[in-house]
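Following this line, the structure appears as structure tokens:
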């Protein structure tokens, strides 16, 4: 039976550390501030923004939520973003995805001040990650949270064969870059690939496809580490991940559950990175 990577307990630890960092900054006369912009009426997005807002307040982080109607134009959004980019009281900016179809999401994200890009999606920060630059810059929160899990549980990455399933700019690609930077031998797949051909020999598997049973027990070897980023609803209406948890747990050395694995770490990492951006603003000038 595998060791369960408990994302909830680790997120609690990270949040406690973040709250301590906020207190230290408060003593220096600084109040970390996160500004979130959401456009449209997507209820799942609004729930997620509310959870971020609540967590920020719990940790002592000032939280601004700018909710805009779906008919907001791209220029109107960019004007608000420009104001936030130049507001010295705002340390971190997040634009909630997805944006309405009439707005060029990729372009809007590229206009976020890279020093305030808490999601790590801005092209300059993405470039720093892929170049493995040794400086302070934000990284996509879910992959960064996964790396914290590896560190906390003492999972060695150097020289290990890692397979990342999913090639999104939110999870798959930055996850692969972080693993490469940590010394792993990385293969990136999409869900159309013959996954078993690669996963049977993998020491580490990170799945982020959004498809139930992307990886099953017969696809993995004994002792594998499995990180399940997926959040799906199965035919019984139950929240599940990408992988066959019950089957793979019999063989894996470590595995993340869904729920209670990667999810809590994503928000915890977002909060910590908000505070880090506040600290880095002094260092970077």
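In full-length UniProt numbering, the protein residues as written are 1 to 285. Note that the Cβ used here is the ideal one computed from N, Cα and C, for glycine as well.
When you measure from the CB of residue i to every non-hydrogen atom of the ligand MN, does any distance come out below 7 Å?
i, result
"residue 139", "Ligands in the displayed structure: none, and consequently the ligand MN is not present."
Per the DSSP calculation, residue i is bridged to which residue(s)?
i, result
"residue 33", "62"
"residue 68", "39"
"residue 234", "Answer is none; residue 234 lacks a bridge partner."
"residue 4", "255"
"residue 165", "189 and 207"
"residue 262", "Beta-bridge pairing links residue 262 to no other residue."
"residue 93", "35 and 117"
Within the continuous alpha helix (DSSP H) that includes residue i, where are the two ends?
i, result
"residue 106", "105-110"
"residue 12", "7-27"
"residue 180", "172-181"
"residue 242", "Taken as a continuous stretch (DSSP letters only), residue 242 belongs to no alpha helix (DSSP H), as it is neither H nor E."
"residue 217", "Per DSSP, residue 217 belongs to no alpha helix (DSSP H) and is neither H nor E."
"residue 196", "195-199"
"residue 88", "First-last for residue 88: undefined, no H or E at that position."
Between which two residues does the beta strand (DSSP E) carrying residue i extend?
i, result
"residue 189", "185-189"
"residue 226", "225-228"
"residue 206", "204-207"
Rounded to whole angstroms, how far is the Cβ of residue i from the Cβ of residue j, which I believe are closer than 8 Å?
i, j, result
"residue 2", "residue 253", "6 Å"
"residue 103", "residue 67", "Going by Cβ atoms, the distance from residue 103 to residue 67 rounds to 15 Å, so no, they are not a contact pair."
"residue 171", "residue 212", "Wrong, their Cβ atoms sit about 17 Å apart, outside the cutoff."
"residue 141", "residue 117", "Actually they do not touch by this definition, with Cβ atoms about 11 Å apart."
"residue 99", "residue 143", "Residue 99 to residue 143, Cβ: 22 Å. No contact."
"residue 70", "residue 29", "Not really, about 39 Å apart at Cβ, beyond 8 Å."
"residue 207", "residue 165", "5 Å"
"residue 280", "residue 85", "With a Cβ gap of about 16 Å, residue 280 and residue 85 do not count as contacting."
"residue 93", "residue 112", "5 Å"
"residue 267", "residue 52", "6 Å"
"residue 215", "residue 195", "7 Å"
"residue 114", "residue 124", "4 Å"
"residue 36", "residue 65", "5 Å"
Within the 8 Å Cβ cut-off, does residue i reach chain E?
i, result
"residue 182", "In the structure shown, chain E cannot be found, because there is only a single protein chain."
Take every Cβ of the region 73-89, pair it with every Cβ of the region 44-55, and state whether three or more of those distances are shorter than 8 Å. no
Counting beta carbon pairs with one atom in the region 181-189 and one in the region 153-163, are three or more of them shorter than 8 Å? yes
What are the start and end residues of each continuous alpha helix (DSSP H) run of 4 or more residues lying completely inside the region 95-163, in chain order? 105-110, 123-130 and 141-152
Across the region 265-279 and the region 59-66, are there enough close Cβ pairs to call them in contact, namely three or more that are closer than 8 Å? yes
At least 3 beta-carbon pairs within less than 8 Å: the region 186-203 vs the region 127-147: no
Specify whether the region 222-232 and the region 107-122 touch according to this definition: at least 3 beta carbon pairs, one from each stretch, less than 8 Å apart. no
Are the region 255-265 and the region 5-22 touching by the rule of at least three beta carbon pairs closer than 8 Å? yes
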